[in-house]
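*Asks:* Please find one structure pasted underneath; my questions will follow.
Number of protein chains: 2
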Amino acid sequence: MVPPVSPGPPSRGKHASIVDVAALAGVSISTVSRVLGERARVHSATRQRVLEAIQALKYVALPHASVLASGRTRTVGIITPSMTGWYFGNVIGGAWEVLHSSGYDLQLHNLARPEARDRFFDRMSIVRRVDAVISVGLPDDQELVTALRTLGLPLVVLGARAPGLTSVAIDDVKAARSAVRYLIHQGHRRIAMLSDRDDGTGWTTATRARRQGYREALAELADGRDPDHDVVESEPGYDAGVRAATALMTRPDRPSAIFAEYDELALGALRALHLLDVAVPGQVSVIGLDDHTMAGAVDLTTVARPVHEEGALAGRLVLDLLADRSREPVDVTVPTRLIIRGSTNSHQQDAEPSGTQSLITFDR
Amino acid sequence: MVPPVSPGPPSRGKHASIVDVAALAGVSISTVSRVLGERARVHSATRQRVLEAIQALKYVALPHASVLASGRTRTVGIITPSMTGWYFGNVIGGAWEVLHSSGYDLQLHNLARPEARDRFFDRMSIVRRVDAVISVGLPDDQELVTALRTLGLPLVVLGARAPGLTSVAIDDVKAARSAVRYLIHQGHRRIAMLSDRDDGTGWTTATRARRQGYREALAELADGRDPDHDVVESEPGYDAGVRAATALMTRPDRPSAIFAEYDELALGALRALHLLDVAVPGQVSVIGLDDHTMAGAVDLTTVARPVHEEGALAGRLVLDLLADRSREPVDVTVPTRLIIRGSTNSHQQDAEPSGTQSLITFDR
DNA sequence: CTGAAAGCGCTAACAC
DNA sequence: GTGTTAGCGCTTTCAG
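Next comes the structure, spelled out in structure tokens:
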């Protein structure tokens, strides 16, 4: 029996619910649910009436109720070891754009602090709260990675690799190597690396790979020096970078060039050098990695990566996985390129200009 | 009758629910709910057993179910006209810290695009999804402000004022005025302002106030010029700032100083001047507003504001309102201070150094 | 202090 | 195609 059409006030409370829409349209609530869900077929005349009722009542379904009833959340969880870094903000932004336009919300899980990370992995308090997960980086602990896998949710990794998992990343070893090689080609021999300290959060994949690239490039010098001697550890972020670089330049044996693991650290180094009255690139060259928004502003030479696109790509892969969970995992490698600006120059006048084929320059 | 203690597998599905906890603890689900809620009194021995069961099962309540049942969401909505700006990221971060530590989640509503804004205000699709709202800025349209008020939710405004609403903000007029006055005291007479274009989103409160401060300072010059002549409009953000400043400096009558409405624009201006080979502060001085993370790095003189604290303060006020809805609205004004760095200097050699009592300098 | 039971608003079989 | 009817997991009267 068709419920009577009674366009009165909402049944209870002051907000229209699916019951009110059904009543106004003269159909059952399941029919309303069907036109809302857009999956089941509904007679177009009926759908029309329902749509009009929805319009008239300005009805919007309560997500909490749908989640409870359906198990689907239309939400993607993002787990990161930081929320404040430039890189994180930008990949999240990229992912947000594509996911949002497909009707998905983002739920950020910041595992910066160890206790947050432990709580997260202990309770796995993400299951049934999201439909899929993007992990920005990966914990070092393989058990935690396994825990992530056994969540049973579509999973995309950003900035790291793991067998059997879909991932989007740059080649960190190569990116770091090319940065250091460039400095070497410019004639530098004492090259320090500014790098994140392993602060016990156990989230060091990228850092380790970049140190590896640094070591590989220096090894080609075969000068018998211990490359790790010149690795300076810093807390993450610009301010910490200033401090770390200051400490570095206060040592008796100053390097002639600094490779910073990522641009925020490089920007900090530039600031420190400025404060110490060390000329850049006259006395010390600096190279970074990311192509931070401000890199151009301070003329920082850097290895660029398409951060925003990396995030967007991860979002798209999540959508693919959501559409077909049995999809084969893929490892997408996004390209990096060296952008030569004014913070680096030849250390020795007689050094040959670099002729490496992999050096591509661009600037916007 | 007490349900039998049966520590078997979860009732259904693979996740423990409140039923499983109740069974394990040998109590009813209402008792479990009570210890979860922390409001009702429960016999401490009972509570202990429930807690142990929760521990053993690694149980975490499903928020969607609680929301549906209780109407409380433990979520605060933040509406902003942008998500990417430095200012927005930082106030959101500040609010997040205090709200998160009180168990609240944040739900971001980005009303950057007009259609997003219209949809938002049309459906008010935030009611029953959040317990309170923080509005970063306010729409120009008073009807929309009214709509916000009639949401019936605790509301805190960040960066703008409205009668009867709790707010946290700097004095934009004064901040802008002091920046321009400083330039004037330095001997500048042709001072341009770089400012956000009213892009039709109708969210221009701060911009208008800052232009007002700029005008007031210039009026003190009483040189008969039309101050609006030197207001240059820009899209928001660093890159747009570069373009706008480039356009400005390409005009026949270049200013000797630029006041940028906020630091990202000022940073863009510095970049543009660098590209155009205009010496800073030799030929042109630049002053901003915010004290952006990178302001120190590029030696930008600016009017600092405690952005992170502003966000945290808004969070705290929301919490207060949540605890007592009848609390009287307050308008908190946070202080700003001029930070003199290297991007500004005396325009005329014979100009007196500024002796204004309100000039406070600091640098970290 | 604790248990029973009635929903919160919606989806998903299952009938018709 | 459309309606009926169980729940989804939790909170909250209301008894006791």
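From first to last, the protein sequence lines stand for chains W and G.
When the count follows the working numbering, it moves up by one through the first sequence with no breaks and lands on 365 for the last residue.
When the count follows the working numbering, it moves up by one through the second sequence with no breaks and lands on 365 for the last residue.
The beta carbon of each residue, even a glycine, is placed where N, CA and C say it ideally should be.
Here the structure is a predicted model, which is why all the values come from computation and not from measurement.
Can you pull the chain G neighbours of serine 126 of chain W, defined as C-beta to C-beta under 8 angstroms?
*Replies:* What serine 126 of chain W touches in chain G: Val61.
*Asks:* Can you pull the chain G residues whose beta carbon is under 8 angstroms from the beta carbon of aspartate 123 of chain W, in chain order?
*Replies:* Here the neighbours are Lys59.
*Asks:* For a contact defined as C-beta to C-beta under 7 angstroms, what are the partners of threonine 202 of chain W on chain G?
*Replies:* What threonine 202 of chain W touches in chain G: nothing, since even the nearest Cβ is about 18 angstroms away.
*Asks:* So that I know if they touch, is there some Cβ in chain G lying closer than 8 angstroms to that of tyrosine 239 of chain W?
*Replies:* It does; some Cβ of chain G falls within 8 angstroms.
*Asks:* Classify arginine 338 of chain G as helix, strand or coil using the three-state DSSP reduction.
*Replies:* Arginine 338 of chain G: strand per DSSP, three-state reduction.
*Asks:* Confirm, please, whether the CB-CB distance from proline 237 of chain G to glycine 86 of chain G is below 8 angstroms.
*Replies:* Cβ atoms of glycine 86 of chain G and proline 237 of chain G: closer than 8 angstroms.
*Asks:* Quick one: give me the first and last residue of the alpha helix (DSSP H) that threonine 144 of chain G is part of.
*Replies:* First, the residue type needs correcting, since residue 144 of chain G is glutamate and not threonine in the sequence shown. It spans 143-150 - the alpha helix (DSSP H) in which glutamate 144 of chain G sits, taken as one unbroken run.
*Asks:* Compute the Euclidean distance between the alpha carbons of alanine 352 of chain G and glutamine 187 of chain G, then round it to the nearest angstrom.
*Replies:* Note on alanine 352 of chain G: pLDDT 37, under 50, position unreliable in the model; the coordinate value appears next. In a straight line, the C-alpha of alanine 352 of chain G is about 6 angstroms away from that of glutamine 187 of chain G.
*Asks:* Just checking: is the beta-carbon of histidine 16 of chain G within a distance shorter than 8 angstroms of some beta-carbon in chain W?
*Replies:* Yes, contact with chain W.
*Asks:* May I ask you to list, following chain order, the residues of the segment 16-40 of chain G that have a beta carbon less than 7 angstroms from some beta carbon of chain W?
*Replies:* If the cut-off is 7 angstroms between Cβ atoms, the segment 16-40 of chain G has His16 near chain W.
*Asks:* Write down every uninterrupted run of the alpha helix (DSSP H) in the segment 50-115 of chain G whose length is 4 residues or greater and which is fully enclosed by it, in chain order.
*Replies:* Entirely contained in the segment 50-115 of chain G, the alpha helix (DSSP H) runs reaching 4 residues are, in chain order, 64-71 and 87-101.
*Asks:* Nearest-angstrom Cα distance between threonine 294 of chain W and tyrosine 183 of chain G?
*Replies:* About 29 angstroms.
*Asks:* With 16 other CB atoms within 10 Å as the buried threshold, where does histidine 44 of chain G fall?
*Replies:* Per the 10 Å Cβ criterion, exposed.
*Asks:* Quick one: Cα of lysine 166 of chain G to Cα of valine 157 of chain G, how far?
*Replies:* Per the sequence shown, residue 166 of chain G should be read as leucine rather than lysine. Approximately 7 angstroms, taken between the alpha carbons.
*Asks:* If I measure Cβ to Cβ from arginine 174 of chain W and keep anything under 8 angstroms in the same chain, skipping five residues before and after, which residues do I get?
*Replies:* Position check: residue 174 of chain W holds valine in this sequence, whereas arginine was assumed. If we look at valine 174 of chain W and ignore the five residues flanking it on each side, its Cβ neighbours are Ala210, Arg211, Gln213, Gly214 and Glu217.
*Asks:* How should aspartate 132 of chain W be labelled, buried or exposed, when 16 other C-beta atoms within 10 angstroms of its C-beta is the threshold for buried?
*Replies:* Buried: at least 16 other Cβ atoms inside 10 Å.
*Asks:* What residues from the segment 289-321 of chain G come within 8 angstroms of chain W, judged by C-beta to C-beta, listed N to C?
*Replies:* Per Cβ criterion, the list reads Thr294, Met295, Gly297, Ala298, Val299 and Asp300.
*Asks:* Between serine 344 of chain G and glutamate 262 of chain G, is the Cβ-Cβ spacing less than 8 angstroms?
*Replies:* No.
*Asks:* According to DSSP, simplified to helix, strand and coil, what is glutamate 221 of chain W?
*Replies:* Of the three classes helix, strand and coil, the one that applies to glutamate 221 of chain W here is coil, per DSSP.
*Asks:* Helix or strand or just coil, what does DSSP make of leucine 154 of chain G?
*Replies:* Correct three-state label for leucine 154 of chain G: coil.
*Asks:* For glycine 104 of chain G and arginine 75 of chain G, which I take to be in contact (beta-carbon distance under 8 angstroms), what is that distance rounded to the nearest angstrom?
*Replies:* Yes, glycine 104 of chain G and arginine 75 of chain G are in contact; Cβ-Cβ is about 6 angstroms, under 8 angstroms.
*Asks:* I'd like the list of long-range same chain contacts for alanine 258 of chain G, defined as Cβ closer than 8 angstroms, with 5 residues on each side in sequence excluded.
*Replies:* Leu184, Gln187, His189, Arg191, Ile192, Ala193, Val285, Ser286, Val287, Ile288, Thr345 and His348, listed in sequence order.
*Asks:* So, are the CB atoms of isoleucine 80 of chain G and valine 146 of chain G less than 8 angstroms apart?
*Replies:* Result no, Cβ atoms of isoleucine 80 of chain G and valine 146 of chain G do not sit closer than 8 angstroms.
*Asks:* Could you give the distance in angstroms between the alpha-carbon of arginine 328 of chain G and the alpha-carbon of proline 155 of chain G?
*Replies:* About 10 angstroms.
*Asks:* First and last residue of the alpha helix (DSSP H) that includes valine 243 of chain W?
*Replies:* Where valine 243 of chain W is concerned, the enclosing alpha helix (DSSP H) stretches over 239-251.
*Asks:* Run through the segment 269-356 of chain G for me and flag every whole alpha helix (DSSP H) of 4 or more residues, listed as ranges in chain order.
*Replies:* Complete alpha helix (DSSP H) runs here, min 4: 308-324.
*Asks:* Alanine 270 of chain W: which of W:Val51, W:Val243, W:Pro115 and W:Asp278 sits nearest, CA to CA?
*Replies:* Of W:Val51, W:Val243, W:Pro115 and W:Asp278, the residue nearest in Cα terms is W:Val243.
*Asks:* Is it right to say threonine 337 of chain G is buried, meaning 16 or more other beta carbons lie within 10 angstroms of its own, or is it exposed?
*Replies:* So threonine 337 of chain G ends up on the buried side.
*Asks:* Aspartate 291 of chain G and aspartate 264 of chain G: beta carbons closer than 8 angstroms?
*Replies:* Cβ atoms of aspartate 291 of chain G and aspartate 264 of chain G: closer than 8 angstroms.
*Asks:* Between the segment 73-86 of chain G and chain W, which residues of the former have CB atoms less than 9 angstroms from a CB of the latter, in chain order?
*Replies:* So the close ones are Thr74, Met84 and Thr85.
*Asks:* Looking only at C-alpha atoms, which of W:Val99, W:Phe121, W:Arg130 and W:Val20 sits nearest to valine 68 of chain G?
*Replies:* Out of W:Val99, W:Phe121, W:Arg130 and W:Val20, W:Arg130 has the C-alpha closest to the C-alpha of valine 68 of chain G.
*Asks:* Determine whether the beta carbon atoms of glycine 160 of chain G and proline 82 of chain G lie at a separation below 8 angstroms.
*Replies:* No, the pair does not count as a contact, with Cβ atoms beyond the cut-off.
*Asks:* When the cut-off is 8 angstroms and only beta carbons count, does leucine 274 of chain G lie next to chain W?
*Replies:* For leucine 274 of chain G, the answer is no, since every Cβ of chain W falls outside 8 angstroms of its Cβ.
*Asks:* Can you give me the C-alpha to C-alpha distance between glycine 95 of chain W and leucine 266 of chain W, rounded to a whole angstrom?
*Replies:* C-alpha separation (whole angstroms): 22 angstroms.
*Asks:* How far does the beta strand (DSSP E) with threonine 167 of chain G in it reach, from first residue to last?
*Replies:* Looking at the DSSP string, the run of the beta strand (DSSP E) that includes threonine 167 of chain G is 167-170.
*Asks:* Which whole-angstrom value describes the C-beta separation of valine 36 of chain W and arginine 48 of chain W, a residue pair presumed to lie in contact below a C-beta threshold of 8 angstroms?
*Replies:* Indeed, because the Cβ distance is near 5 angstroms, the residues count as touching under 8 angstroms.
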